[in-house]
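Asker: So that we are looking at the same thing, I have put the structure below in structure tokens.
Numbering (our numbering), first residue to last: 147 to 1081.
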């Protein structure tokens, strides 16, 4: 339900900065339209209008588990749960119920999370007319929550289930937090903490910390800024602030110390032991341009470090990420199968670091890395509003100033020339001075080898740190690439015939804004103009013909077909020339062949229509096979065969085994093996067969569809589509239907599988219900509604009423072509003794949705949720999403007609329709129960 972030999941933002309203903001660029303000009671607000469809709202509190006293452990997170359970203006669950009636989903559009130093409430809405409602709800969260005793007792059971689901904090994370305030203030707390939670003290915690002085409202997206300021004053202005509270109370709180610097995590399935060498370094505040410069220095340093490790042919990998507000975690990772191999790796790594200290970075390296950063900086005005909103959250909580990508690029150009060799060398010394102590985290399979102490590893580190390496400069490869701008399609072999064909039919789907052409050769072409802000044009060509054209027992010899077809190039170019032209003109093609479809996807990121058509056409009809690459691949694969090799440890993992059994159960047959285990197998793999399949798949143009999307002139696309594809001649391709995958009818029984694993602390359960529907869009839509009904009712019974689970969920798989089927999977973690009861609850829910008509109000709410989801994903600017959805629709249903009438069909669904579909999707006499229990 509500998610708890224990650590930071947005580690891509590297460094922190100053709080809202402080004068240091003047030293860094601020988004042009962003409005910052503070009410008299201390509440801050940030409003950033962006012309997008949705609006993101956040109530951010500079309060987390670090503010808890010893008798308040778990209070911050528990309050996050309780806030949704009733307030002055929204008694009970009316805040959630009101939003759900408008078509919003709890978890997706309504959410919250708690960490060590923040509590954040999220709303994501689509209608600007709901702006006052959203701000009022957040105002109630801050100062009007009821915290009724009955609700506290009910939520106590739910949070305890969440704690059981979470399990034990990872061994390595506990080690990293050693001797810090964070070690005893895990936001989720313990079952004992929650059982002992005092309702009176919880209310006192709310009154003390949920204060406007520590709160910020953030609104980004489709917002009326003038009205929003007045609404914030109306709904938040009456709360009383406290001047003795500070927003920076959680800064500089993380400074770990370690009595034992080696922590070992046992893993009996590991094929190699993994060692992480950890150092924590200060994460600079981003209050001004000097701090931004420190960020860039760190990025240059990372490039230098990885370059030097590569030069030394070290297998060590390096990474650095933001760990907690004032610290970055720097790690060196090594893998080894023997102790000697690990020793050698540590020794070499320390030698690389020492050499970097002694010699420093060369001017040539510094120049190259600066240019690399500049080349990979891509300023855009089309930033995702969820990203922008969460960046503002970091700005509020840990002083990580939001800078737009345009301003960030401008700053990068400004500070790069100022960065010197000394800056990079100092950064290296600050992090990896070889005289400082390391924290060692070892994931070990003792059957390989064991390490007894940190001193054992220190000895290798110290020995390596005395050595200075000589790095040989890599010889510059001669550049045979064609100069930029030298390539032109006129120089390529001609590919067109004089006969361009004709358009025999043209249809316009008004609700989709798609023009569909049918050519005289039978090929259909869909043209979808979008209002994307980038120059990316996409052409996808697809057919229902795939691997199902060949017999099942032969398919394993085609498992690499997509890769090698993808690796082909076009006549008139060498392979290197093909890659060079693609990179220069930013054009690429991806070929994918699965059982029931073959897909060619071409993208022109410069919006060049000729590139788009030429590249696709030649890739399909004028290609050169990668014969040498294929020959070497087969030879290497045969040489690598080892008849004594033990089965993969992954396949012995109970969680993976159970997943395989679940997939087999859904399909009604065992999963076929894709393994090629003998030289005889590999000799049956034939490159010509791959391309014969490719040609055969697209031979019958009546079965092929071309879809083109992007911000382009539709008439220009129509003309070029006719020119390039109108001259094609189709060939009838009769595919034997007996080779199609056919689902076996499930046995009328309950299948039960139980495996034990040392990797789980609680039983993980999956219950699978197989069913079928009619192959039409309406039934597919109804299947999703039925799944949602099942999910909601099971959640209410199992969590809200019985308190047996925390976050049960369900997933629906709908396959329309070639064989219509459904699979509903129910997932939950629970105590083993409760699984039988939960299975019974699932049966009760199924009986309910198969016999009781859903109310028109509830059905209307679900329909609005579906439409909201469609609006969120298929916007005027979302070229990629349109291509994916239209291709999926065409492959499944063979037509776009019903999708064009989507809203009409959705509104035609009745409660009786849903009962009928529920009966075809679920049966209580035939289903599968798959359990992974603690060992």
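In this text, a Cβ means the ideal position worked out from N, Cα and C, and glycines have one as well.
Taking the CB atoms as reference points, tell me whether residue 498 and residue 546 lie closer together than 9 Å.
Answerer: Cβ distance not < 9 Å, so residue 498 and residue 546 don't count as in contact.
Asker: What's the gap between the Cα of residue 492 and the Cα of residue 610?
Answerer: Answer to the nearest angstrom: the Cα atoms are 7 Å apart.
Asker: Where does residue 669 sit, in a helix, a strand or coil, going by DSSP?
Answerer: DSSP places residue 669 in coil when its eight states are reduced to three.
Asker: Return helix, strand or coil for residue 157, following the three-state DSSP convention.
Answerer: Caution applies to residue 157, whose pLDDT of 32 falls short of 50 and renders its modelled position unreliable; the model cannot decide the point.
Asker: Scan the stretch 581–622 and note each continuous beta strand (DSSP E) run of 3 residues or more that stays entirely inside, going in chain order.
Answerer: The stretch 581–622 contains these whole beta strand (DSSP E) runs: 585–590.
Asker: Do you know how far the Cα of residue 588 is from the Cα of residue 1154?
Answerer: A question about residue 1154 goes unanswered here, because the residues of the chain that appear run from 147 up to 1081.
Asker: Name the DSSP bridge partner or partners of residue 902?
Answerer: The partner list for residue 902 (beta bridge, DSSP) reads 1079.
Asker: Got a sec? Which residues, its chain only, sit under 7 Å from residue 449 by beta carbon, not counting five neighbours each side?
Answerer: Excluding residues within five positions, the ones whose Cβ falls inside 7 Å are 515 and 518.
Asker: Inspect the beta-carbon positions of residue 407 and residue 359 and report whether they are closer than 9 Å.
Answerer: No.
Asker: Just to confirm my understanding: we take residue 502, look at its own chain, exclude 5 residues before and 5 after, and list those with CB closer than 7 Å. What are they?
Answerer: Only 454 and 574 meet the Cβ criterion.
Asker: Nearest CA to the CA of residue 307: which residue from 336, 296, 291 and 346?
Answerer: When each option's Cα is compared against that of residue 307, the closest is 336.
Asker: In angstroms, rounded to a whole number, what distance separates the CA positions of residue 868 and residue 700?
Answerer: Going from the Cα of residue 868 to the Cα of residue 700 covers about 37 Å.
Asker: Where do the ends of the beta strand (DSSP E) carrying residue 397 lie?
Answerer: Looking at the DSSP string, residue 397 is not in any beta strand (DSSP E), and its letter there is neither H nor E.
Asker: For residue 1003, which three-state DSSP category applies?
Answerer: Helix.
Asker: Is residue 289 buried or exposed, if buried means 16 or more other CB atoms sit within 10 Å of its CB?
Answerer: Flag for residue 289 reads buried.
Asker: Can you name the residues that DSSP bridges to residue 715?
Answerer: Bridge partners of residue 715: 770.
Asker: According to the neighbour-count rule (16 or more other Cβ atoms, all chains shown, within 10 Å of its Cβ), is residue 774 buried or exposed?
Answerer: Classification for residue 774: exposed.
Asker: I want to see whether chain B comes within less than 9 Å of residue 710, judged by CB atoms only; does it?
Answerer: Absent from the structure: chain B. Only one protein chain is present.
Asker: Could you tell me the alpha carbon to alpha carbon distance between residue 651 and residue 845, rounded to whole angstroms?
Answerer: Computed Cα separation, rounded: 21 Å.
Asker: Anyone know if the C-beta pair for residue 922 and residue 1044 falls short of 9 Å?
Answerer: Going by C-beta atoms, residue 922 is nearer than 9 Å to residue 1044.
Asker: Considering only residues of the stretch 837–881, which uninterrupted beta strand (DSSP E) runs meet the minimum length of 3 residues and lie entirely inside it, listed in chain order?
Answerer: Runs of the beta strand (DSSP E) inside the stretch 837–881: 850–856.
Asker: Return yes when the Cβ of residue 712 is within less than 9 Å of the Cβ of residue 731, no when it is not.
Answerer: No, they are not a contact pair.
Asker: With respect to the beta strand (DSSP E) encompassing residue 910, which residues constitute its N-terminal and C-terminal limits?
Answerer: That run of the beta strand (DSSP E) goes 909–917.
Asker: Please classify residue 1026 as buried or exposed, where buried requires at least 16 neighbouring CB atoms within 10 angstroms.
Answerer: Residue 1026 is exposed by the Cβ-count criterion.
Asker: Can you list, in chain order, the residues of its chain whose CB lies under 6 Å from that of residue 480, leaving out five sequence neighbours each side?
Answerer: Result list for residue 480: 421, 462 and 491, in chain order.
Asker: Per the contact definition of three or more C-beta pairs closer than 8 Å, is the stretch 230–248 in contact with the stretch 340–360?
Answerer: These segments do not touch.
Asker: Can you tell me whether DSSP reads residue 633 as helix, strand or coil?
Answerer: In this structure, residue 633 counts as coil in the three-state DSSP scheme.
Asker: Could you tell me how far apart the beta carbons of residue 1018 and residue 984 are, in whole angstroms, since I believe they sit closer than 8 Å?
Answerer: Residue 1018 to residue 984, Cβ: 32 Å. No contact.
Asker: I'd like to know whether the C-beta atoms of residue 268 and residue 204 end up nearer to each other than 9 Å.
Answerer: In contact: residue 268 and residue 204 (Cβ atoms closer than 9 Å).
Asker: Taking its Cβ as the centre, do 16 or more other Cβ atoms sit within 10 Å of residue 1073, making it buried, or is it exposed?
Answerer: Residue 1073 should be labelled buried.
Asker: Within 10 angstroms of the Cβ of residue 1077, are there 16 or more other Cβ atoms? Answer buried if so, exposed if not.
Answerer: It is buried - the Cβ of residue 1077 has at least 16 other Cβ atoms within 10 Å.
Asker: Do the CB positions of residue 364 and residue 209 come within less than 9 Å of each other?
Answerer: The answer is no: Cβ separation not under 9 Å.
Asker: Note the first and the last residue of the continuous beta strand (DSSP E) segment covering residue 410.
Answerer: First-last of the beta strand (DSSP E) with residue 410: 408–412.
Asker: By alpha-carbon positions, which one of 483, 977 and 597 ends up nearest to residue 952?
Answerer: Nearest C-alpha to residue 952: 977.
Asker: Starting from the Cα of residue 612, find the closest Cα among 603, 580, 638 and 640 and give me that residue.
Answerer: Out of 603, 580, 638 and 640, 580 has the C-alpha closest to the C-alpha of residue 612.
Asker: Closest by CA to residue 1032, which one among 743, 838, 658 and 954?
Answerer: If we check each option's Cα against that of residue 1032, 658 comes out closest.
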